[in-house]
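Written out below as structure tokens is the structure these notes cover.
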Amino acid sequence: MKTFANANALDLRHAVTLAQQAHQDGRTASFAGGGSDLLALVKERMVTPDVLVNLKTIKGLNQVTSGKGGATIGGLITLDALGRHALVRRQWPLLAQAAESVATPQIRNVATLAGNVCQRPWCWYFRNGFPCLKNGGRTCFSVTGENRFHAIFGGGPSYIVHPSDVAPALVALDATFRIVGPAGERVLPAAEFFILPRQDAARENVLAHDEVLASVEVPAPRLGMRSTYHKVLDREAWTHAVVSAAVVLAIDNNVCHDARIVLGGVAPVPWRAHDAERVLVGQRMTPELAAKAGEVALAGARPLEKNAYKIPLTKSLVKRAVLALSALG
Amino acid sequence: MSQQRGGSSSAPIAPMKAIGHATPRIDAVERVTGQAIYTRDVQLPGMLYAQVLRSPHPHARIRTIDLSKARALPGVKAILTHENCQVVWGAGSISGGSQYNDQMKKITKHRRYAFNNPVRFVGDPVAAVAAVNRHIAEDAIQVITVDYEVLPFVLEPEDALKPGAPQIWSEGNVSPNNKNEIEPMTQRRGNIDEGFHQAAQVFEGRYTTAFCHNAQMEPRACVARWEGDTLTVYTPTGGISNCHHDIARDLGMPDEKVRVICQYMGGNFGNKNQNQDADLITAMLAKEAGAPVKLELSRKEDFIGMHGRWPTVQYYKVGVTRDGTVTAIQMRAYSGMGPYRKNSGGIAGIELYQCPNIESRIYPVYTNKTVSGNYRGPADPQGYYPIQSMMDDIAYKLGMDPIEFILKNMVRQPPNATFTNYTLDECIRRGAELFDWKKRWKPRPGSDPGPIKRGAGVAFMAFRSGVGMSSAVIQVDATRRYTLFVGVTDVGAGAKTTMDIIAADELGVAVSDVKVVWGDTDRCPYSVGESGSRTTIMTGRAVIEAARDLKRQIAAEGWPTGDAVLTASASPNPKTPGQVRNCFGANFVEVEVDVELGDVRVLKYLTVHESGRIINPLTATSQIKGGVGMGLGMALHEDMLYDRRTGRPLVTGYYFDRVPTHRDVPDIEVTFIETDDGYGPYGAKSIGESGMIQTPAAISNAIFNAIGRRMTDLPITRDKILGALA
Chain A
1 MKTFANANAL
11 DLRHAVTLAQ
21 QAHQDGRTAS
31 FAGGGSDLLA
41 LVKERMVTPD
51 VLVNLKTIKG
61 LNQVTSGKGG
71 ATIGGLITLD
81 ALGRHALVRR
91 QWPLLAQAAE
101 SVATPQIRNV
111 ATLAGNVCQR
121 PWCWYFRNGF
131 PCLKNGGRTC
141 FSVTGENRFH
151 AIFGGGPSYI
161 VHPSDVAPAL
171 VALDATFRIV
181 GPAGERVLPA
191 AEFFILPRQD
201 AARENVLAHD
211 EVLASVEVPA
221 PRLGMRSTYH
231 KVLDREAWTH
241 AVVSAAVVLA
251 IDNNVCHDAR
261 IVLGGVAPVP
271 WRAHDAERVL
281 VGQRMTPELA
291 AKAGEVALAG
301 ARPLEKNAYK
311 IPLTKSLVKR
321 AVLALSALG
Chain B
1 MSQQRGGSSS
11 APIAPMKAIG
21 HATPRIDAVE
31 RVTGQAIYTR
41 DVQLPGMLYA
51 QVLRSPHPHA
61 RIRTIDLSKA
71 RALPGVKAIL
81 THENCQVVWG
91 AGSISGGSQY
101 NDQMKKITKH
111 RRYAFNNPVR
121 FVGDPVAAVA
131 AVNRHIAEDA
141 IQVITVDYEV
151 LPFVLEPEDA
161 LKPGAPQIWS
171 EGNVSPNNKN
181 EIEPMTQRRG
191 NIDEGFHQAA
201 QVFEGRYTTA
211 FCHNAQMEPR
221 ACVARWEGDT
231 LTVYTPTGGI
241 SNCHHDIARD
251 LGMPDEKVRV
261 ICQYMGGNFG
271 NKNQNQDADL
281 ITAMLAKEAG
291 APVKLELSRK
301 EDFIGMHGRW
311 PTVQYYKVGV
321 TRDGTVTAIQ
331 MRAYSGMGPY
341 RKNSGGIAGI
351 ELYQCPNIES
361 RIYPVYTNKT
371 VSGNYRGPAD
381 PQGYYPIQSM
391 MDDIAYKLGM
401 DPIEFILKNM
411 VRQPPNATFT
421 NYTLDECIRR
431 GAELFDWKKR
441 WKPRPGSDPG
451 PIKRGAGVAF
461 MAFRSGVGMS
471 SAVIQVDATR
481 RYTLFVGVTD
491 VGAGAKTTMD
501 IIAADELGVA
511 VSDVKVVWGD
521 TDRCPYSVGE
531 SGSRTTIMTG
541 RAVIEAARDL
551 KRQIAAEGWP
561 TGDAVLTASA
571 SPNPKTPGQV
581 RNCFGANFVE
591 VEVDVELGDV
601 RVLKYLTVHE
611 SGRIINPLTA
621 TSQIKGGVGM
631 GLGMALHEDM
641 LYDRRTGRPL
651 VTGYYFDRVP
661 THRDVPDIEV
671 TFIETDDGYG
681 PYGAKSIGES
691 GMIQTPAAIS
701 NAIFNAIGRR
711 MTDLPITRDK
721 ILGALA
């Protein structure tokens, strides 16, 4: 670990100012929320900040505030608190399910919503310090290497999969992200926050190095809306999704009126399955329709040498998630 | 847990006072309240901190090492490289791969130094630094510049034997035996051709098992201090006596000038019953710096720099008659040893069958992966899984119940000897009954309708429980307080408590009346070491002999008075002439496989285990449960993968290794059949390794019963299951 200075932020503007000051002095800065991911990267010298801007000292950024149009969720809320939050559990169950499926209780007690959305990939080439695209190098080692856990959609030149559980849920909920930076605030739809490697292979999202993901806005559920987060794990705790499906359906009288299907573990970003959503809308819910949604969701997948199993796996997962929601009364 | 006293083929055992009753560990409170002093907790005045620079290349020659920047850092006190430290780590590379000793020191050609040039795996130590604090030590290794000539490398044992493969040693890539002959480990019995001639059908199979790390909780560490020419080493070791002698030999010192202390340690699981290169590096840094030094390996270093179960590729050919009698077993196999032969590379399993005609050839092969070493049942689970999968498969093909096939073909008598007692058939029959095998097992594999399919599997074991030499000393003072000196450490199995229980019962006092002194070569006599599942048997026997001698002394001389103490010691070396001593067991598993998601869930796990008399049911049960948990990890999770393009490891810690968590391991039902064959302490046999060795075989056989596909490569991961069903 390289030695660093700690700077406590009083509010978001102060946090941005602290980072800017560091940059002006020719020093590097990193924002730390829960720090569970950052600290591991710092210990391995994969990130070597001179200044660590501590966001945990900002008050009020760990709350869920409900309003007419939905709720604002502060980026500093821990995954544990998010998963337990009564309103979240009632209105957006998939978000609570995603939060409580992460890692281990110890990690959920410190890790934050914003941190989970912004965490770096868990590709074993990246985490082991290979000189890959994510580490400033020029190749993605997974293409000809061990790619069992890599992307089947949206890959190239990097084939990482996005590691967040809450991100697919937020995209499926049509959430918006509030970002604070030197120029003030900007608000983006969740889906536009994440970027594919063909746009910029070194990053996973649009955040500039002096910007902070402050909060997310989740719209109020529509009539008949139900949601679920289905996740496949290779170990019951402390591992990321092999694949996952965040599904939001509006069902009335057993007919689907609206659908969002967002896949995790298959692409460098939360991967929205538009065609599968279209298969469902306006249709009567049946097991055959659910299976068809699964088939269509995986159309166009391009597996690498060792991850073709993700195709039948994800088809089955989508089918089951859709069926589970149609079964809810 | 249930216990049945008295096996069918042994006399019923008599109840005892402490032995056979659940006794909490005598150091449990110290451990859970943080009072226990582990190596990392040792703080000495003026102590320096060490860091090791490791090779980033799987095979490279070091041209130059530039230390100038590191030396210039304030606070750096010593730096070692292959240029100024030529200490040989004897136990790290041994011709033949068995226990290192003075004889093997003379013979071994492929020597492993503390710092090697060329480096032969990613993680091979290149340099070590001692500095006044951890940060400076870490900064120092960052600024050491090494000029490497990168050499070609090879990762897989079969590739290493192909013509034109990179040669890791000039004699080639097959590791020499203990006479330095380049020969496979070969075993023959009967006439293999005649065996196949007698067979009505011959079956063939290829199986592979993965490189698995011991993944013990405490990464290796060491604190070393010199006082004149005397060296004290604090290190987590599973054998202070061997570690002590190895360090003295490697450093060219008399044994009495070295002291090894291990009061507490966090797990062994094989391979700590010698010294470690970390011990030698720390000792040499302390000497160079003239101050005590502490070295603490990170989890990543412990994974890449150390050892794991050797990965294997195995080919089998088995002949059977029409009635299902096995007439011939032929096996050819390759064990990936890494670039040094730390241990044997053996593969067990064939001896489980009574078959008269066998032939096996096992090639221990050098590769450029991290060195393989002993891991809980060093040769066993990776051999049990293929042979018991082969036999399970044959049973189905002949239309037989696998249990019927096992009972027909399992070993009943060892070659040219007898067993001291034999309970294998009882373990299997009793387990089948407790498990309700007839109800859970599917005569037609994969026959459950729907995507969630259940199946049952069985595997069995017979594992060494040999007797041998170890020592113990017991004292009593005028206040009639007893002190037991035993050179054991507690690697997790509870040896200190076990020795206390044995001493208490033999002396006729309470467990709390005996103070146990352990883990210090200056205070304790020789003990065999916590490997090979033998401490209870061997050191336990010595405790009995010493206690009996002390009782005789008390009877003859009366109780000591004043400051006097009575001391008794014993170093028995019992034998079982003409007899083989084994423990026996059988595992029964029910799994549920989700064929759409590739999930395997173990629903029920039942073991019947005969380890002779059970000294402490609490820790004995834990040994079986812990063993099954590790076996489950080997069966379904763990695989130390390497990148084939760069030769660098990808699985460098608990996260990527996917070691099972408590939520992955089911409730494990343990039943002991207790016997006393007249050997060991009151008939106690081995238990530490034999809980895990049949687990991968049993789980794999249950998966076959559930889905009707034979899984031939460990670990049985989701991608393989979905691939087999595609």
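Keeping their order, the protein sequence lines are chains A and B.
Everything in the first sequence is counted per our numbering, starting at 1 for the first residue and increasing by one.
Everything in the second sequence is counted per our numbering, starting at 1 for the first residue and increasing by one.
Don't be surprised by glycine CBs; every beta carbon is placed ideally from N, CA and C.
Inter-residue CB distance, residue i and residue j (contact presumed, cutoff 8 Å)
i: Gly457(B); j: Ala702(B); result: 3 Å
i: Ala165(B); j: Asn173(B); result: 6 Å
i: Ile721(B); j: Val600(B); result: 7 Å
i: Ile501(B); j: Val511(B); result: 6 Å
i: Gly529(B); j: Gly308(B); result: The Cβ separation is near 20 Å, so there is no contact.
i: Thr208(B); j: Val313(B); result: 5 Å
i: Met284(B); j: Cys85(B); result: 5 Å
i: Gly751(B); j: Val591(B); result: Chain B is shown from 1 up to 726; residue 751(B) falls before or after that span and cannot be answered.
Alpha helix (DSSP H) segment containing residue i, residue limits
i: Trp437(B); result: Trp437 to Arg440
i: Trp124(A); result: Trp124 to Arg127
i: Arg54(B); result: Premise fails: Arg54(B) lies in the beta strand (DSSP E), Leu48 to Arg54, not in any alpha helix (DSSP H).
i: Met538(B); result: Thr535 to Glu557
i: Ser372(B); result: From DSSP, Ser372(B) is part of no alpha helix (DSSP H); its letter is neither H nor E.
One or two residues paired with residue i in a DSSP bridge
i: Cys256(A); result: Ile251(A)
i: Gly267(B); result: For Gly267(B), which the question treats as bridged, DSSP gives no partner whatsoever.
i: Thr145(B); result: Asp66(B)
i: His230(A); result: Ala245(A)
i: Gly585(B); result: Met461(B) and His609(B)
i: Ile13(B); result: Ile13(B) is not bridged to any residue.
Three-state secondary structure (DSSP) of residue i
i: Ala15(A); result: helix
i: Arg222(A); result: coil
i: Arg309(B); result: strand
i: Cys427(B); result: helix
i: Ile721(B); result: helix
i: Cys355(B); result: coil
i: Leu398(B); result: coil
i: Tyr605(B); result: strand
i: Asn101(B); result: coil
i: Pro157(B); result: helix
i: Lys106(B); result: helix
i: Glu44(A); result: coil
i: Gly7(B); result: In this predicted model, Gly7(B) has a pLDDT of only 39, less than 50, meaning its place in the structure is not dependable; the value taken from the coordinates is given anyway. Here Gly7(B) sits in coil by DSSP.
i: Leu79(A); result: helix
i: Tyr422(B); result: coil
i: Asn275(B); result: coil
i: Ser447(B); result: coil
i: Ser690(B); result: coil
i: Met469(B); result: coil
i: Ala267(A); result: coil
i: Phe485(B); result: strand
i: Arg709(B); result: coil
i: Tyr315(B); result: strand
i: Leu213(A); result: strand
i: Gly92(B); result: helix
Boundaries (first-last residue) of the beta strand (DSSP E) holding residue i
i: Ile79(B); result: Val76 to Thr81
i: Pro176(A); result: It should be noted that the sequence gives Thr, not Pro, for residue 176(A). Residues Thr176 to Gly181.
i: Leu52(A); result: Val51 to Asn54
i: Leu347(A); result: A question about residue 347(A) goes unanswered here, because the residues of chain A that appear run from 1 up to 329.
Original post:
Taking the runs of the beta strand (DSSP E) that are 3 residues or longer, which of them lie wholly in the region 186-264 of chain B?
Top reply: 201-209, 221-227, 230-234 and 258-261
Original post:
In the region 618-673 of chain B, which residue ranges form an unbroken beta strand (DSSP E) of at least 3 residues, counting only runs that do not cross its ends?
Top reply: none
**OP:** Report the residue ranges of all beta strand (DSSP E) runs contained in full by the region 318-362 of chain B; include only those spanning at least 3 residues, in chain order.
**Re:** 326-338
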